[in-house]
Amino acid sequence: MQDQLDRALSEAEAAAGAVRTRAELEALKARLVGPNGSLTAVTKVMGTLSKEERPAAGKLLNAAKARAEALLAGLLSKVEEAELAAALGPEVDPTLPSPDAPAGVLHPLTRTRERVLATFRKLGFVVAEGPEVETEWHCFDALNTPADHPARDMQDTLYLPASFRSADAPRKGEEALLLRTHTSSVQVRTMLGRKPPLRIVAPGRCFRRDAVDATHSANFHQVEGLWVDRSVTLADLRGVLDFFVKETFGPDAETRLRPSFFPFTEPSFEMDIRSPDLGRLSGRWLEILGCGLVDPKVLEACGLDPAEWSGLAFGLGLERIAMLQHGIDDIRHFYANDLRFLRQLA
Ligand code: FA5
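The numbering of the sequence shown is the numbering used here, which starts it at 5 and goes up by one.
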């Protein structure tokens, strides 16, 4: 009997090497343990044995069945592995370049922001940040913007409900909170938090209740600049902004400062540029930013002695810069996520 079992199993083990598919496995299984299988045939011999012979024969049979089961289970997992590999297709080489993977690019506004910041970094400015939800004090009071200034009106500024208040302002009592209307609030936070001399550029989102049209958005981006030192002058303002304009719009771009008014600078200007390389806007004076020398009242509100310190500040609209650079005629393109538009600028 032992010989018979060994023969049946040896045959099955020899045949196992050739099994590749589930059908071949089933055929081998049938040959071994099916109704007419070689192992089944030995089982049938049990009936012919005497009572004394049966226990030993039963042991042999059980051992043989276990060997057969292990063999079949091993084959099954081999077949399953082969099936999975076939379903997955040929092996992937992850190091090969993808033939048509669309390359993602940074949003044009992000690229303009990075270029603007890189330009000012060359002049020693470092990047600063401030919160988008701001206190009324940081956005207006500290910037010498009186309580009756139209910018503070509910019509122009998005205030948070009265239930949201902040104690984060050096004025007594709780402060109303609003979505900052400009990045000039970062001037205040910087002067309160660091000792001059300082030179910062602060990029960020701004919010206004402006009617949305081709050049206005209710949520746009500015970059603020602030330089405070012992004797900062208008010549420095001119030099810094000229350098920025030439780096951004090319060496042929001209600049001019036009007198203007901001409560937080004195004197205040708007800077225009004119360039021969701006498509259909070439040769026209175009306003690009607001600027001036920091008003002494702002320095005082931020704890700096105006007799010792002076500063220059400027604020530009990122969308405006990007629109001029790329000849974009509608600000809303930036926010529509239309791939046709984004690909053109990639
Ligand atoms: C200011 O916001 C001043 N804080 C700028 C400043 C800073 C002056 C420091 C002096 C010293 P103004 O409101 O003009 O100024 O806005 C500056 C720029 O932001 C504009 O030239 C424009 O490019 C952009 N801007 C303003 N409102 C919008 C809007 N609704 N949509 C898109 N861009 C806007």
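Note that CB positions come from ideal geometry on N, CA and C, so glycine has one too.
Mind listing, in chain order, the continuous beta strand (DSSP E) runs of no fewer than 3 residues lying wholly within the region 197-271?
Counting only runs of at least 3 residues, the region 197-271 fully encloses the following beta strand (DSSP E) elements, listed from N- to C-terminal order: 202-211, 223-233, 258-266.
Distance cut-off 7 Å: Q348 Cβ against heavy atoms of the ligand FA5
no
Apart from the five residues on each side of it in sequence, which residues of its chain come closer than 6 Å, Cβ to Cβ, to F248?
T123
At which residue ranges does the region 108-179 contain complete beta strand (DSSP E) runs of 3 or more residues, listed in the order of the chain?
137-139
For the region 281-338, which segments carrying the alpha helix (DSSP H) assignment without a break, of at least 4 residues, lie completely within its bounds, in sequence order?
300-305, 322-330
Of all the options D309, L316, V232, which has the alpha carbon lying nearest to the alpha carbon of F266?
L316
Does the distance from the C-beta atom of H186 to that of Q226 stay below 8 Å?
yes
Can you tell me where the alpha helix (DSSP H) with N66 in it begins and where it stops?
58-92
Less than 8 Å between the beta carbons of G254 and G134, yes or no?
It is not a contact, given that the beta carbons lie outside the stated cut-off.
Paired residues, beta bridge with L36 - DSSP
Note: L36 sits in no beta bridge, so no partner.
Does the ligand FA5 have a heavy atom nearer than 7 Å to the CB of C295?
yes
Between C137 and the rest of its own chain, which residues show a CB-CB distance below 6 Å, the 5 nearest in sequence each way excluded?
Here residue 137 is Val; the residue named in the question, Cys, does not match the sequence. Cβ neighbours of V137 beyond the five flanking positions: L181.
Just to confirm, is the Cβ distance from L80 to L29 under 8 Å?
yes
For M50, the three-state DSSP class (helix, strand or coil)
helix
Near M5, which residues of its chain fall below 7 Å by C-beta distance, leaving aside the five closest residues on each side in sequence?
V46, V49, A61, L64
Tell me the rounded alpha-carbon separation between R288 and S279.
Within the model, the alpha-carbon separation for R288 versus S279 is close to 7 Å.
Please confirm whether any heavy atom of the ligand FA5 lies closer than 7 Å to the CB of F265.
no
Once you ignore the five residues that flank D256 on each side, which residues in its own chain have a CB closer than 8 Å to its CB?
S279, P280, D281
DSSP-derived helix/strand/coil call for D276
strand
Starting from E17, follow the alpha helix (DSSP H) in both directions and report where the run begins and ends.
6-20
Span of the alpha helix (DSSP H) around L100:
Where L100 is concerned, there is no enclosing alpha helix (DSSP H), given that its DSSP letter is neither H nor E.
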